[in-house]
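Here's the structure we're looking at; comments come further down.
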Amino acid sequence: MDSLEQNLRDVENKLEKIQDKLALEDKFAEQANIRFEKNILAFKKYFPDIYQRFNLYSPKKSFQLEVNPDGTGNIIDYDTKVPMYSNTPIQQVETQVKETLAAPELSRVDFSSVEFIEDTADFLHVRLMNQVGAVYNKAKNQLDDNYSVGKSIPSKVIFGIGLGYHLMPLIEETKASYITIFEPNEDYFYASLFCFDWVSYLKKVDQDGSYLYIGLGDSEEEMYQTLYNRAKNIGAFSISNSFFYLHYKSKAIANLVDKIKNNFHQFFMGWGFFDDALMSIAHSIGTAKKQPYIIEPNNKAPKSIETFPIFIVANGPSLDKDIEFIKSYKDKVIIVACNSASTALLSNDICPDFHVALERTKETYDLLEAVITEEQRQEINLLVMNVMYPDVLDLFGWSGIALKGSEPGTVLYQLAIFMNEGRLSPTIGFSNPLVGNTALSFFTSMGFSDLYLFGVDNGYIDEEHHHSKASFYYDDEGNSKLDSIKMGSEFEVEGNFGKPVITEPFLYTGKEQMERLIASFSDTNLQCFNCSDGAKIDGTIPLRSSDIILNKQCFPKSDVIDSIKKNNFSKISENLPLEDFLAFDIFEQICNTMVEFLEAPIENRSDALNCIIQHLRYLKSFREEDKYLHLYLILEGETLYINSVLISLLFNFGDEKNIIPFFKEALAHWVAFLKMAPQQYRERWDVLSDHDFVFTESK
-12 MDSLEQNLRD VENKLEKIQD KLALEDKFAE QANIRFEKNI LAFKKYFPDI YQRFNLYSPK
48 KSFQLEVNPD GTGNIIDYDT KVPMYSNTPI QQVETQVKET LAAPELSRVD FSSVEFIEDT
108 ADFLHVRLMN QVGAVYNKAK NQLDDNYSVG KSIPSKVIFG IGLGYHLMPL IEETKASYIT
168 IFEPNEDYFY ASLFCFDWVS YLKKVDQDGS YLYIGLGDSE EEMYQTLYNR AKNIGAFSIS
228 NSFFYLHYKS KAIANLVDKI KNNFHQFFMG WGFFDDALMS IAHSIGTAKK QPYIIEPNNK
288 APKSIETFPI FIVANGPSLD KDIEFIKSYK DKVIIVACNS ASTALLSNDI CPDFHVALER
348 TKETYDLLEA VITEEQRQEI NLLVMNVMYP DVLDLFGWSG IALKGSEPGT VLYQLAIFMN
408 EGRLSPTIGF SNPLVGNTAL SFFTSMGFSD LYLFGVDNGY IDEEHHHSKA SFYYDDEGNS
468 KLDSIKMGSE FEVEGNFGKP VITEPFLYTG KEQMERLIAS FSDTNLQCFN CSDGAKIDGT
528 IPLRSSDIIL NKQCFPKSDV IDSIKKNNFS KISENLPLED FLAFDIFEQI CNTMVEFLEA
588 PIENRSDALN CIIQHLRYLK SFREEDKYLH LYLILEGETL YINSVLISLL FNFGDEKNII
648 PFFKEALAHW VAFLKMAPQQ YRERWDVLSD HDFVFTESK
């Protein structure tokens, strides 16, 4: 009988637990639905696109949102098939936040080398970097390194939302000017709308004046591209001192972290600077006065010739093995030489149809005049960007230009053409940092669909063989006459034909820019064959020259060249009034207002960071002003450079107080520069480059 009573009591207890659990689930469901309605309306206010995606969202069938004994939500992790959280997730995330802040993962950039940048061209930019770099090194030598996360930081990158429980304790511990949150799994974010108080979180972000980006369901490449674009558009300071918070582990997040570490150098390349920007304006005005032909990107090659083969020939070391092949086809294809590759081709009795140059200084003029004869240049057509040293256009019988994006001189072109003729003039995309990028951008923009790359190595297998030995880089005995330019530490990448290739950040960026350009034509019939024994370029088709089979063409290449010059280009208008839009007074007002922000009282890191953010956001507002966009671009590069160093100085060393004297000393150099910049603009808007080319023998 006792046994029967015990069994009955056990059954009653189980029923009570089931009833308690059902009651708990009912209560959770009621509260969760109310929370969802409030949260989704908050997103409607702050992020309408997220509201649209998740208002009527349906998760996967495997979606399992559960209730913990304490009434909080939990979710079954898709990868591990177990609950993501413990029975007490609030306590769990508070511990996670505390432990992460005690040993944070920080992105730190060492700018100690900028003090020693050599000023070979008498640039204000270099002098400024030297001055600020000297203060940076003084702080580095006198103060302890700082590895803590303060109450106010530049950037916070959070990998994983889960159910969102960590977000509020994290924002209460440290305020960031820029917050980026990535959640690869959309279902997890959807679940967070039922479990986490997004209303309070979004209000807190708004009150703090922070910039928030939420990436949901993005691939690793898309998440990386978000950070890359932020570094380019907002400033690399927003990445150079980031606090990385990993909420939960997943394959997608792990791949993203690896990609960031392996490509971190890209965040700090290709900004331009003040002297370069003034040169952009002077050269753009100068080239306009030459009245060259300008590409019309909307005018594509006629269908009858769009498959005519285009050989884009760069001066990488693998060119040597393909010279004879190119020579055998020189009368049947369009040969496009990338700068110094012309010397390699000409020395092998191959006259390129087009010569492409990118470097904007007077060095390009001096080099071309020295290494290519007048007679040869008259047989070659020139393709350059609008920021080229203007007299280069006089060296060739025919010259065509394209507008280079993110250049103040380009914006002047576009503004003058629109105001004068009422039409838009688009740029060509992904045209730098290497001249191979420029050539590829030109001919994809023209609509040609069969492109072949030779010597486009973006690296080298033998460090002593950095260019074609047929080019001017080497003497008759094959000895190097010029040092190979390197922009950073070397590393290995996958080769086009499998063999590892040595590259460095500058060349690698050229490779990735080619990949982005080719990807932008993914919905066309573009075929780009990579015949180079160099770095693999995603989107191209590896093809050895011995395996190339060209279809018989219906037109002689002279007709194709004539079509390019007549159909893809048009003459620039005479007396295009670029000077009318220089806006010196507005530029001076911009500089003066930036100085006012920077001269606010500074007592601690929070004050200092606020000054920086305020003056950067003020400058950024001019990106939306079409009439004054060129003024923004004059200052953009210099501002991104200097503020990356200032932010790193502010957060890399010392504590809240003892870093401030060093920061103020460095900031004073930036303020002095901004006070001087308006007069420099007035005096140098029409001053061309005078940086001559000089052969430097390799040691």
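Residue numbers (the working numbering): -12 to 686. All residues carry an ideal CB built from backbone N, CA and C; glycine is no exception.
What are the boundary residues of the alpha helix (DSSP H) that includes Val186? 185 to 195
Exposure of Lys391, with buried meaning 16 or more beta-carbon neighbours within 10 Å: buried
Can you name the residues that DSSP bridges to Gln514? Asp437
Nearest by alpha-carbon distance to Leu616: which of Leu654, Gln401, Phe484 is it? Gln401
Between which residues of its own chain and Ala587 is the CB-CB distance below 7 angstroms, once the five residues before and five after are set aside? Cys598
Just the Cα atoms here: how many angstroms apart are Phe298 and Phe435? 11 angstroms
Determine whether the beta carbon atoms of Phe23 and Ile201 lie at a separation below 8 angstroms. no
Whose C-beta lies closer than 6 angstroms to the C-beta of Lys686 among residues of the same chain, with five residues either side of it excluded? Model confidence at Lys686 stands at a pLDDT of 27, short of 50, so the residue's coordinates are unreliable; what they give is reported in the following sentence. Excluding sequence neighbours, Lys686 sits near nothing in its chain.
Which residues in the same chain as Glu566 place their Cβ atom closer than 7 angstroms to its Cβ, once the five residues preceding and following it in sequence are excluded? Ile272
Going by the CB atoms, is the gap between Lys498 and Asn445 shorter than 8 angstroms? yes
Three-state secondary structure assigned by DSSP to Tyr316: coil
Looking only at its chain, what residues have a beta carbon closer than 8 angstroms to the beta carbon of Asp205, apart from the 5 residues adjacent to it on each side? Phe169, Pro171, Thr213
So, are the CB atoms of Cys518 and Phe441 less than 8 angstroms apart? yes
Opposing strand residues paired with Tyr447 [DSSP bridges]: Ile489
Evaluate Thr511 with the Cβ neighbour count: other Cβ atoms within 10 Å of its Cβ, from every protein chain shown; 16 or more gives buried, anything less gives exposed. exposed
Can you check DSSP and say which residues form a bridge with Tyr280? Gly387, Lys558
Please check the pair Met375 and His270, which I expect to be a contact at CB under 8 angstroms, by giving their CB distance rounded to whole angstroms. 6 angstroms
Using CA atoms only, rank isn't needed, just tell me which of Phe571, Asn645, Asn630 is closest to Arg671. Phe571
Roughly how many angstroms separate the alpha carbons of Ser73 and Ala659, rounded to a whole number? 56 angstroms
In whole angstroms, what is the alpha-carbon distance linking Tyr316 and Lys544? 11 angstroms
With 16 other Cβ atoms within 10 Å as the buried cut-off, status of Tyr215: buried
What number of angstroms, rounded off, separates the C-alpha of Glu652 from the C-alpha of Val122? 7 angstroms
DSSP state of Leu369, grouped into three classes? strand
Thinking C-beta only, is Ile268 closer than 8 angstroms to Gly396? yes
Alpha carbon to alpha carbon, how far is Glu12 from Val54? 6 angstroms
Below 8 angstroms, how does it come out for the segment 66 to 82 and the segment 91 to 99: are there three or more Cβ pairs, yes or no? no
Taking only runs of the beta strand (DSSP E) that begin and end inside the segment 82 to 169, which ones reach a length of at least 3 residues, in chain order? 139 to 146
Near Val632, which residues of its chain fall below 8 angstroms by C-beta distance, leaving aside the five closest residues on each side in sequence? Phe98, Val101, Met116, Val119, Gly120, Tyr123, Ala653
Exposed or buried, what is Pro284 when buried is set at 16 or more other beta-carbons lying within 10 Å of its beta-carbon? buried
Hey, could you find the ends of the alpha helix (DSSP H) Ser327 is sitting in? No alpha helix (DSSP H) contains Ser327, which DSSP labels as neither H nor E.
Does DSSP put Ser73 in a helix, in a strand, or in coil? coil
Determine, using beta carbons only, whether Leu421 and Cys515 come nearer to each other than 8 angstroms. no
Classification of Ile279 by the beta-carbon crowding that lies within 10 angstroms, buried from 16 upward: The residue you asked about is not Ile; residue 279 is Pro in the sequence shown. Buried, because 16 or more other Cβ atoms sit within 10 Å of the Cβ of Pro279.
Per DSSP, which residues does Ala640 bridge with? Please list them. Ala is not the amino acid found at residue 640; the sequence shown has Phe there. Paired residues: Asp132.
Quick one: Cα of Arg669 to Cα of Pro564, how far? 17 angstroms
Check whether the Cβ atoms of Glu350 and His678 sit closer than 8 angstroms, and answer yes or no. yes
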